Every structure is written in structure tokens, then in C-alpha cells.
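The structure appears right after this line, and notes come after that.
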Amino acid sequence: MMSLEFLISKIKLNNFLLIGRAGVDIYPDPPGTKTEDAKNFVTHLGGSSANMGVELTKFGGRCSLLTRVSNDALGRLALNQLDFYSVKRDLIKFEENESRISFAIVESTTEDHQSIIYRHKAADLFLNKEDIDFAKISNYDCILITGTALAAQPSRDAVLYALDIAQNNNIPVVMDIDYRPYTWESQDSAKTIYNKAAEKCSGIIGNDDEFAVLSGNYSKGLNFAKNLSSSCDLIIYKKGEKGSITFTENKEIKKGIFPVRPLKPTGAGDAFMGALIGALLNNYDIEKAIEIGSAAAAIVVTKVGCAPAMPNLEEIIKFMKTNTINLGEK
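Heads up: the sequence shown begins at 505 in the working numbering, then just goes up one per residue.
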């Protein structure tokens with residue numbers, strides 16, 4: 505364990521490495537159209553790590569993404585989109601093993617919403633230890649990972665290897681749990697691997713369902729998250745419409761959300777983490793940073809797409825002036 509102050513000091517050095525995935529999302533157009541009725545689609549960059557990188561760059565963050573993409577038109581599309589959003593992709597390699605980039609069809613509606621995700625032989629899960637060595641982890645000041653990168657080999661061992669390097673070099677790691685059941689062989693395996701990774705992290709962000717996986721029992725998730733704060737500098741336990749509870753070594757912070765009428769249910773978590781880190785980068789204290797993250801999440805669910813919906817700080821401040829955060833659950 506380092507300290508929250510140390511974590512924030514490293515964030516302020518503005519030298520981030522994201523380890524996770526970039527993907528391609530397509531949306532039935534116009535918004536509200538069901539996939540089976542669609543005649544037109546729009547295409548956007550997706551993937552949790554890519555989305556977080558986009559949001560963090562909107563705050564002036566300097567981010568490099570470490571992943572693998574398929575050597576085809578969709579892989580190249582993702583790379584072009586990363587260039588467009590100024591997320592550095594010089595560490596990204598093509599995976600030649602008949603893999604495919606993460607691909608999702610996502611509806612812009614909350615009514616009977618459908619998200620169809622294709623992850624068979626996902627290119628990002630072929631990340632390996634050689635990629636970690638190539639990235640020279642010790643050159644970065646803060647590492648942001650998504651838990652899906654731990655779901656399968658060889659990516660699992662590669663990410664754990666990266667966490668060891670980070671720990672040995674006093675580089676803080678912040679993990680978004682990002683639990684996707686369909687990518688894991690079992691929930692028991694997920695519990696074991698997540699906890700192994702958590703031991704090497706300075707910050708962990710997840711929702712109630714995700715901390716339930718780490719604890720092995722839904723009713724124990726909140727206490728598990730709280731207890732993690734004795735060995736981890738920053739724990740954020742998200743409760744959806746009921747807000748969030750943040751645990752640090754000596755503080756417990758309860759926050760609500762900004763109620764909005766959502767267009768879609770996706771992208772909020774990526775926006776929250778990207779904006780939270782971005783706010784800390786821009787000298788906001790942890791309480792205000794959580795509110796800024798919540799505002800970013802609220803904005804993203806009202807727009808089509810994830811990456812293109814990520815707001816900058818000016819947009820968020822404007823939103824916060826005209827919308828009120830609720831009290832959340834006490």
C-alpha cells in the first residue's frame with residue numbers, strides 16, 4: 505500500500521498506460537431502432553480501455569493503449585479512431601492468429617435494450633508477456649487496467665506480469681473490475697484471479713455485482729470493498745442509481761448520481777473512471793473528482809456511442825451547473 509496522496513501525485517505526472525481492449529461498436533440508426541429492424545448503422549470506437557483513454561485525453565491526459573487488434577479492416581478502423589481521439593497506439597500490435605477485434609452491436613434505447621457482443625478469439629486476449637516487455641512498463645507513472653484483460657490466457661499472465669513490474673517500480677495501478685461473465689471460464693476462477701490482481705493495485709473501481717464476484721457472495725461485497733481499503737489506497741463501490749461509496753484509508757465518502765433520462769445503458773463506467781482520473785489530474789480533490797466522474801457517466805448515457813459521447817471538462821462543468829446530484833443512499 506502506498507497512499508492516496510502518492511497515487512494522486514503520480515496521476516498528476518500525466519503519463520498513463522492503459523491495458524485492456526479497443527473494439528468496434530455499431531449502432532442501429534436512427535436512435536431507438538431495434539437491431540432486427542435496422543436498415544442503417546453507425547460505427548464508433550468501443551472497448552472499455554479505449555473509451556477510458558478517450559475520456560482521459562479530453563481532460564488533457566497523455567495516454568498510451570497497450571492491446572492487440574485483428575489484422576483486418578476493423579482492426580485498422582479502431583487504430584484510426586484512436587488516432588482521431590489522440591490516444592497513443594504505438595504499442596498496439598496486430599494479432600495474426602485468425603482472431604477478431606471485439607465487436608458489439610448496441611442499441612440506442614433503454615426499452616428492451618439489446619447489446620450483442622462478439623468475443624470469439626478476441627484479439628486483445630492474445631496480449632502476451634513479450635508485449636509487456638516491449639511496452640517498457642517502468643517508463644509510465646500510472647497504469648489503468650480493465651479486469652476483462654485477466655479473463656483468459658495469454659492476456660491474464662501478461663497483465664499479472666505487468667502488475668508485478670509496476671509494483672516493483674512503485675507505479676500505482678488502478679483497476680476497473682469490468683466483469684463480463686461470458687469471457688471467464690467460471691465465477692470461481694474470476695474470484696481467484698481478480699483477488700490476485702487486487703493485491704497489486706492502488707485503486708479498484710467496481711459496482712455491487714463486481715465486488716460480489718471478488719467476495720464470493722453478493723451480501724458480502726460491500727464489506728469486502730471496505731476491508732480492501734486497508735491494503736488499497738482507493739476503493740470505489742458503485743451502486744447504480746443509489747450512488748457510490750468511496751473508501752480510503754481514513755475516509756468514507758458517499759455520493760449520489762445525476763439523474764438523467766438515458767438513451768442507452770452503456771458507457772457510464774468507462775466515462776466515470778476516465779473522468780475521475782482526469783479530474784484528479786486537473787487538481788480536483790477526491791470528493792469533487794467523484795462528482796465529476798458521476799456527471800460524465802450521466803452525460804454519456806444520453807448520447808449515441810461511447811467514445812464519441814465522452815465529454816470534456818468544460819461540458820461537464822456546464823452540466824453540473826444545470827443539474828443537481830442527488831443524495832444517493834445513506
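We treat Cβ as the ideally placed atom computed from N, Cα and C, and that holds for glycine.
No experiment lies behind these values; they were computed from the predicted model shown.
Query raised in the report: What did DSSP end up calling P534 once you bin it into helix, strand or coil?
Result: coil
Query - Minimum length 3: unbroken beta strand (DSSP E) runs contained in the segment 595 to 648 - result: 597 to 599, 606 to 610, 619 to 622
Query - Bridge partners - G503, DSSP secondary structure assignment - result: Coverage of the chain is limited to positions 505 through 834, which leaves residue 503 absent and any answer about it impossible.
Query - Range covered by the beta strand (DSSP E) that runs through K541 - result: For the record, residue 541 in the displayed sequence is Asp; it is not Lys. Where D541 is concerned, there is no enclosing beta strand (DSSP E), given that its DSSP letter is neither H nor E.
**Report entry** Collapsed DSSP secondary structure at G725 in the structure displayed
**Finding:** helix
Query raised in the report: Cα-Cα, which of P658, G744, L817 is closest to L831?
Result: G744
**Report entry** Entirely enclosed alpha helix (DSSP H) segments - the segment 802 to 826, minimum 4 residues
**Finding:** 817 to 826
Query raised in the report: Which class does F563 belong to by DSSP, given the choice of helix, strand or coil?
Result: coil
Report task. Quick one: using the 10 Å Cβ neighbour count with 16 as the cut-off for buried, is R765 buried or exposed? Result -> exposed
Query raised in the report: If you draw a straight line from the alpha carbon of F762 to that of F776, how long is it in whole angstroms?
Result: 12 Å
Query raised in the report: Out of I649, G565, M506, D645, which has the shortest C-alpha to C-alpha gap to A526?
Result: I649
Query raised in the report: Excluding five sequence neighbours on each side, which residues of the same chain lie with their C-beta closer than 6 Å to the C-beta of N827?
Result: F762
Query raised in the report: Rounded to a whole number of angstroms, what is the C-alpha to C-alpha distance between L581 and G710?
Result: 29 Å
Query raised in the report: Cβ of S659 within 7 Å of any heavy atom in the ligand GTP?
Result: Among the ligands in the structure shown, none appear at all, so the ligand GTP cannot be discussed.
Query raised in the report: Can at least three beta-carbon pairs, one atom from the segment 721 to 730 and one from the segment 775 to 791, be found at a separation below 8 Å?
Result: no
Report task. Can you give me the start and stop residues for the alpha helix (DSSP H) that T696 sits inside? Result -> 691 to 702
Query raised in the report: From what residue to what residue does the beta strand (DSSP E) around A680 run?
Result: Looking at the sequence shown, residue 680 is not Ala but Asp. Residues 677 to 680.
Query - Backbone CA spacing between N632 and E599 [nearest angstrom] - result: 11 Å
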